[in-house]
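Inspection log for the structure reproduced underneath, given as structure tokens.
Protein chains in written order, with my numbering: chain A, 201 to 654; chain B, 201 to 654.
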């Protein structure tokens with residue numbers, strides 16, 4: 201149950217593994233298969249129509265893949281002993297039976313005011329983004345129109361949403377509990393963001409905790425109460441941290457892990473036979489530390505969904521059950537004309553994981569020096585995190601001009617997966633072409649400098 | 201002896217390893233440290249001044265690194281027993297003594313007519329490119345000016361040079377012995393090149409062998425004699441295949457390998473004690489096959505030079521001699537508005553090396569599907585070569601829109617170095633961001649399809 205990345209991947213893969221099985225997807229929202237990462241782009245006008253984000257229409261799944269996608273169906277209760285799920289449907293409640301179950305219930309905002317006002321929005325799901333956009337477009341009682349928006353949370357989603365709303369010409373205030381924006385990325389690389397945020401016309405309040413919402417009765421908040429005082433606004437967009445949505449699973453006896461997500465093995469199997477979990481509701485293994493971790497990302501959700509679907513359908517590939525090896529938390533995001541990327545551990549995470557972690561930062565051009573002078577320079581900053589004792593690479597962090605980040609981020613992700621060390625990184629056979637790639641790849645320069653400083 | 205990539209890298213690294221050693225570089229040409237890969241860009245006007253290609257001026261090496269760079273010095277004879285080299289210098293011949301020697305004599309054109317006419321040029325070195333450019337700019341006896349150029353060889357250098365000369369408005373004819381251009385890259389990916397070559401105004405003659413040069417006595421060729429007939433021209437640019445420059449080394453008893461290059465071990469040491477070799481004159485190990493190979497590329501030359509210089513200076517890193525692990529032949533080149541890249545083995549090379557090699561090709565967008573529709577699409581074609589039995593990746597080949605090739609080429613190079621298989625490739629934690637990277641990385645799609653077809 202649950203659609204989008206993990207759920208629909210699971211259903212599609214299960215169909216391939218089991219041609220005749222009856223496959224049903226329960227999806228609380230109005231659409232089941234769309235690219236949630238594109239919602240901020242649509243809100244900011246970079247994607248013209250919301251429908252563009254649809255991977256496939258519901259008919260495709262019904263007709264081509266023979267999957268029943270039941271939108272507007274919310275799973276309310278799970279009875280593993282009786283192999284059934286109680287669901288709220290457009291026609292009332294009903295029980296649905298299953299042989300195998302894939303939990304793909306996703307994540308939800310950690311901050312949930314007890315009686316949410318009508319002008320509190322979010323942008324994590326199709327219906328949330330649609331609701332926010334509709335409110336911004338229409339006259340909104342008791343005010344004429346929403347002009348002043350308070351965005352809560354300056355993680356990558358909060359920054360993307362704030363950027364999108366500022367692009368629409370709205371007055372945006374960004375409130376964040378952390379001292380530096382882009383939490384979860386390298387702090388030093390993110391340190392150039394505050395002036396860029398302000399230059400985009402966004403009022404940025406770091407180190408500021410949200411205490412509550414201020415407003416008269418009637419469900420309309422007039423201001424955000426924060427540790428730095430009242431921030432008057434017409435609407436609030438909650439882009440704060442997420443937590444795995446596990447209430448239903450936990451109530452049914454599905455075991456959770458230390459991060460509060462559903463605990464699964466490499467086959468995406470939970471502690472209960474026949475019940476699998478995938479995507480943002482589940483924990484997974486970190487490929488660098490080997491430990492359980494909870495990092496909600498669509499890329500992993502898709503891959504975990506396929507593994508869960510394959511195994512739920514009883515399929516195997518070459519006689520073995522499908523396995524999901526784990527994640528690096530690889531993530532790229534374009535913000536305010538530059539690009540940020542991360543894969544593996546930050547310096548702080550490396551130390552917390554018990555490594556003798558150190559970092560080496562390099563800023564360099566991404567073409568031959570003379571081509572950087574001939575054309576507009578395209579500079580990238582690379583920060584590698586490594587273990588001093590073994591020389592093992594632990595993480596790579598990037599900030600750079602458009603087009604300079606994702607390729608070397610992917611190369612770094614491969615290096616982390618293969619557990620390369622600095623010596624191997626330094627002698628990698630990277631491409632060089634004066635107009636396309638630098639003589640010394642910044643990743644290799646960073647490895648070289650790290651070895652010299654050792 | 202020999203400057204440029206391998207030689208200067210060796211000298212610089214030797215200086216770091218041995219602060220007081222006397223270090224001398226003998227360089228036949230007028231400059232010792234420049235980016236030879238940029239010569240076609242300068243010929244085509246994409247780099248304004250030839251001097252931009254200089255890595256450092258000679259004074260830098262003399263004053264900062266205390267390295268004697270003797271330009272205009274050609275090594276003529278090597279006497280290993282007496283530790284000395286006979287050199288032609290601007291002031292006549294002399295013998296120079298050495299304790300340790302690094303051979304960095306490079307490569308030279310395979311096609312060398314016995315009495316080369318005055319209007320036969322090349323573009324591999326600083327002085328060759330300078331000579332060609334000067335001839336194109338000046339009135340040239342016995343004709344008024346050079347308008348019709350015949351470029352011999354449609355490998356990546358021949359194509360770059362032909363493209364550069366066509367950009368200058370010259371009439372270019374491209375003659376190549378191979379049936380498809382861009383020899384050494386994947387034939388199928390290169391198959392779209394012929395119409396692009398013709399569209400750039402270049403007359404392309406594939407499958408055409410050069411038989412000789414036609415012209416009256418006096419050293420001025422009027423035409424190229426080929427297997428397809430006479431091609432009238434004002435000048436010929438030799439961009440044909442290269443061979444390692446080993447005459448001097450071989451005459452002194454330095455052992456060559458099966459490809460005709462100097463045989464070296466991982467320390468870049470030749471069969472003679474105290475004599476090292478690096479760069480285009482030497483063979484190296486292929487990281488996929490483990491076998492000796494000769495692939496002349498500046499990237500490897502730089503790295504080999506550093507290893508040779510370190511070991512020649514008696515330096516070690518952490519008590520071990522420096523080692524060069526080998527190459528993948530990673531190469532990227534922009535041609536006619538698109539980009540090509542290769543790393544590892546082609547399908548034919550994979551089969552020749554004894555693998556049960558197969559290939560899988562995928563063409564896909566490089567951002568979310570809706571962003572590919574919103575913006576100008578940026579499509580890449582990926583062709584992976586793999587071993588059917590083990591699933592091991594053997595090579596990756598790319599053709600794509602500007603900006604789509606080098607990053608994934610580097611990621612593929614890391615995967616090949618780490619000997620990943622298709623299953624690992626499929627579950628790699630690649631980045632996704634709608635405006636920057638596709639939901640499914642084409643490399644992973646190719647691995648997925650290859651596994652399904654197995």
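Cβ atoms here follow ideal geometry from the backbone N, Cα and C, with glycine treated the same way.
Exercise for the section: Taking only beta-carbon positions, decide if residue 505 (chain A) is within less than 8 Å of chain B. Expected result: no
Problem - Cβ-based burial, residue 502 (chain B) [other Cβ within 10 Å; buried from 16] - result: buried
Exercise for the section: Step through the CB atoms of chain B and report whether any lies within less than 8 Å of the CB of residue 382 (chain A). Expected result: no
Problem - Close-in-space but distant-in-sequence residues of the same chain around residue 458 (chain A) (CB under 7 Å, 5 per side omitted) - result: Result list for residue 458 (chain A): 492, in chain order.
Exercise for the section: Could you tell me the distance, in whole angstroms, from the CA atom of residue 422 (chain B) to the CA atom of residue 343 (chain B)? Expected result: 10 Å
Practice task
Identify, in the order they occur along the chain, each residue of the same chain with its Cβ nearer than 6 Å to the Cβ of residue 608 (chain B), setting aside the five sequence neighbours on each side.
Solution key: Same-chain partners within the cutoff: 643.
Exercise for the section: Return the chain-ordered list of same chain residues with a C-beta closer than 7 Å to the C-beta of residue 486 (chain A), the five sequence neighbours on each side being excluded. Expected result: Cβ neighbours of residue 486 (chain A) within its own chain (closer than 7 Å, five residues either side excluded): 493, 526, 527.
Problem - Chain-ordered neighbours of residue 212 (chain B) on chain A, where CB pairs are closer than 7 Å - result: Here the premise fails: no neighbours, minimum Cβ distance about 13 Å.
Practice task
Identify, in the order they occur along the chain, each residue of the same chain with its Cβ nearer than 7 Å to the Cβ of residue 589 (chain B), setting aside the five sequence neighbours on each side.
Solution key: 556
Practice task
Can you say whether residue 276 (chain B) is buried or exposed, counting buried as having 16 or more other CB atoms within 10 angstroms of its CB?
Solution key: exposed
Practice task
Take residue 400 (chain B) and list the residues in its own chain whose beta-carbon comes closer than 7 Å to its own, dropping the five residues that flank it on each side.
Solution key: For residue 400 (chain B), same chain residues with a beta-carbon under 7 Å away, outside a window of 5 residues either side, are 363, 366, 536 in chain order.
Handout entry: Chain-order list of residues whose beta-carbon lies under 6 Å from that of residue 522 (chain A) (same chain, five-residue window excluded)
Key = Closer than 6 Å at Cβ, skipping near neighbours: 507, 510, 511.
Practice task
Using a Cβ cut-off of 8 Å (strictly closer), state whether residue 483 (chain A) contacts chain B.
Solution key: no
Practice task
Would you list the one or two residues that DSSP bridges to residue 289 (chain A)?
Solution key: DSSP output for residue 289 (chain A) lists A:292 as bridge partner(s).
Handout entry: Top-ranked residue by Cα proximity to residue 405 (chain B), from B:358, B:416, B:635
Key = B:358
Practice task
Could you name the residues of the stretch 620–638 of chain B whose beta carbon sits closer than 8 Å to any beta carbon of chain A, in the order they occur along the chain?
Solution key: 620, 624, 627, 628, 629, 630, 631, 632, 633, 634, 635, 636, 637
Practice task
Taking 8 Å as the cut-off, decide whether the C-beta atoms of residue 594 (chain B) and residue 488 (chain B) are in contact.
Solution key: yes
Exercise for the section: For residue 273 (chain B), count neighbouring C-beta atoms within 10 Å of its own C-beta (all shown protein chains included) and say buried if the count is 16 or more, exposed if not. Expected result: buried
Handout entry: Length-filtered (3 minimum) beta strand (DSSP E) runs lying within the stretch 439–521 of chain A
Key = 442–444, 475–477
Practice task
Starting from residue 539 (chain A), find everything on chain B with Cβ-Cβ shorter than 9 Å and list it in chain order.
Solution key: 633, 636
Practice task
Please list the partners that residue 525 (chain B) has in chain A, where partner means a Cβ-to-Cβ separation under 7 Å.
Solution key: Correct list: 627.
Practice task
Please list the partners that residue 499 (chain B) has in chain A, where partner means a Cβ-to-Cβ separation under 8 Å.
Solution key: Result: 629, 630, 631, 632, 639.
Exercise for the section: Given a cut-off of 8 Å, decide if residue 543 (chain B) and residue 620 (chain B) are closer than it, judged by their beta-carbon atoms. Expected result: no
Exercise for the section: Going by DSSP, name the residue or residues bridged to residue 301 (chain B). Expected result: B:475
Handout entry: the stretch 446–461 of chain B in contact with the stretch 278–291 of chain B per 3-pair CB rule at 8 Å
Key = yes
Handout entry: Backbone CA spacing between residue 563 (chain A) and residue 572 (chain A) [nearest angstrom]
Key = 13 Å
Practice task
Quick one: measure Cβ to Cβ for residue 541 (chain A) and residue 605 (chain A), integer angstroms, because I've assumed they're closer than 8 Å.
Solution key: 4 Å
Practice task
Evaluate contact between the stretch 305–319 of chain A and the stretch 409–420 of chain A, counting only Cβ atoms and requiring at least three cross-stretch pairs below 8 Å.
Solution key: The stretch 305–319 of chain A makes contact with the stretch 409–420 of chain A; the number of CB pairs closer than 8 Å reaches 3 or more.
Exercise for the section: Starting from residue 260 (chain A), follow its DSSP beta bridges and name the residues at the other end. Expected result: Per DSSP, none; premise fails for residue 260 (chain A).
Problem - Segment limits, beta strand (DSSP E) that includes residue 405 (chain B) - result: 402–405 is the extent of the beta strand (DSSP E) around residue 405 (chain B).
Handout entry: From B:474, B:547, B:633, residue whose alpha carbon lies closest to that of residue 300 (chain B)
Key = B:474
Handout entry: Element boundaries [alpha helix (DSSP H), containing residue 373 (chain B)]
Key = Not the alpha helix (DSSP H): residue 373 (chain B) falls in the beta strand (DSSP E), residues 371–375.
Handout entry: Residues, ordered as in the chain, of the stretch 361–392 of chain B that lie near chain A by beta-carbon distance below 8 Å
Key = none
Exercise for the section: Check whether the Cβ atoms of residue 271 (chain B) and residue 227 (chain B) lie closer than 8 Å to each other. Expected result: yes
Exercise for the section: Within the same chain, show all residues whose beta-carbon is closer than 8 Å to that of residue 396 (chain B), passing over the 5 residues directly before and after it, in chain order. Expected result: 535, 536, 537, 538
Handout entry: Sub-8 Å separation of residue 577 (chain B) and residue 591 (chain B) beta-carbons
Key = no
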